[in-house]
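Please read the structure below before turning to the comments.
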Amino acid sequence: MDWQSESPGLCAFLETLHRGDILSGTVAAIERFGVFVALDDGPAHPLFPGVGFIVIPELSWRRIDAPTDVVQVSQRVSCEFLQFDTYNAEARLSLKALEPDPLRAFADRTPVGQEVRGTVEEAVPIGVFVELGDGIVGLIPSKEIGGRPAVSPVEDFEAGAEITVIVTEIELPTRRIFLSRPKNTQREGVVPAT
375 MDWQSESPGL CAFLETLHRG DILSGTVAAI ERFGVFVALD DGPAHPLFPG
425 VGFIVIPELS WRRIDAPTDV VQVSQRVSCE FLQFDTYNAE ARLSLKALEP
475 DPLRAFADRT PVGQEVRGTV EEAVPIGVFV ELGDGIVGLI PSKEIGGRPA
525 VSPVEDFEAG AEITVIVTEI ELPTRRIFLS RPKNTQREGV VPAT
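For the sequence shown, position 159 matches number 533 in the working numbering, and the numbering has no gaps at all.
Laid out in structure tokens, this is it:
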């Protein structure tokens, strides 16, 4: 659709926005792919429930199962403007941009090499995911488990077990944390063989 000719007022409004602008509005609709926001300023969208749109990864720094874990229809929100989506004539927004990043806070207070406690979240062939608090999840690569490649970490670690890990690497740009086990606690949280 040629939004410039179909909705010149909408396009003119969206072109005035700059990355980082703070926009307020009301959650107009929640879909499995994101959230429509009816903005306080600017014209209505001719097709969609709102001119603003938040994709699921921009709702929260934490993992969520559904958009309703974060917002509800009719809820007031303030968001940061990311970009003008010219294909859909929408303002792409971020709710999480206005919240502190828990990974950055974790990195600031936790130096590489520090021991921390965590909860086994899931064991998969590549290793064991450990929840470190505040929605932060790190990975013990399978090569770091027990000092040997794990044949089946799923059988070795029990979900929900509390374990001690060492932070070996924090990659802020890729949002990854790598962990290892302290040498003296290799069996902690491990399910005994039966």
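Ideal placement from N, C-alpha and C gives every residue a C-beta, glycine not left out.
The model shown is predicted, which means the values in this text are computed figures rather than measured ones.
| query | result |
| --- | --- |
| Using DSSP's beta-bridge definition, name the partner residues of residue 453. | 397 |
| Among all the DSSP beta bridges, which residues are the ones paired with residue 459? | 464 |
| Let me check understanding here. Comparing Cα to Cα, which of 440, 441 and 461 lies closest to residue 357? | Outside the shown range of the chain (375 to 568) lies residue 357, about which nothing can therefore be said. |
| Of all the CB atoms in chain B, is at least one closer than 8 Å to the CB of residue 540? | Any reference to chain B falls outside this structure, which holds one protein chain only. |
| Decide if residue 440 is buried, meaning its Cβ has at least 16 other Cβ atoms within 10 Å, or exposed. | exposed |
| Using a Cβ-Cβ cut-off of 7 Å (strictly less than) and excluding sequence neighbours within five positions of residue 387, which residues of its own chain qualify? | 416 and 417 |
| Go through its chain and collect everything with a Cβ distance to residue 573's Cβ below 8 Å, but skip five positions before and after it. | Here the chain has residues from 375 to 568 only, and residue 573 is not among them. |
| Could you name each continuous beta strand (DSSP E) segment of 3 residues or more that falls completely within the stretch 493 to 547, going from the start of the chain to the end? | 501 to 507, 510 to 515 and 536 to 545 |
| Name, in chain order, the residues that DSSP records as bridge partners for residue 552. | 513 and 543 |
| Quick one: give me the first and last residue of the beta strand (DSSP E) that residue 412 is part of. | 408 to 413 |
| In this structure, what does DSSP give as the bridge partners for residue 405? | 408 |
| Where DSSP assigns a beta bridge to residue 429, which residues make up the other side? | 408 |
| At the level of alpha carbons, what is the spacing between residue 524 and residue 530? | Model confidence at residue 524 stands at a pLDDT of 46, short of 50, so the residue's coordinates are unreliable and nothing is read from them. |
| Would you call residue 548 buried or exposed, if buried means 16 or more other Cβ atoms sit within 10 Å of its Cβ? | exposed |
| Is it buried or exposed, residue 316, if we count other Cβ atoms within 10 angstroms and call 16 or more buried? | Coverage of the chain is limited to positions 375 through 568, which leaves residue 316 absent and any answer about it impossible. |
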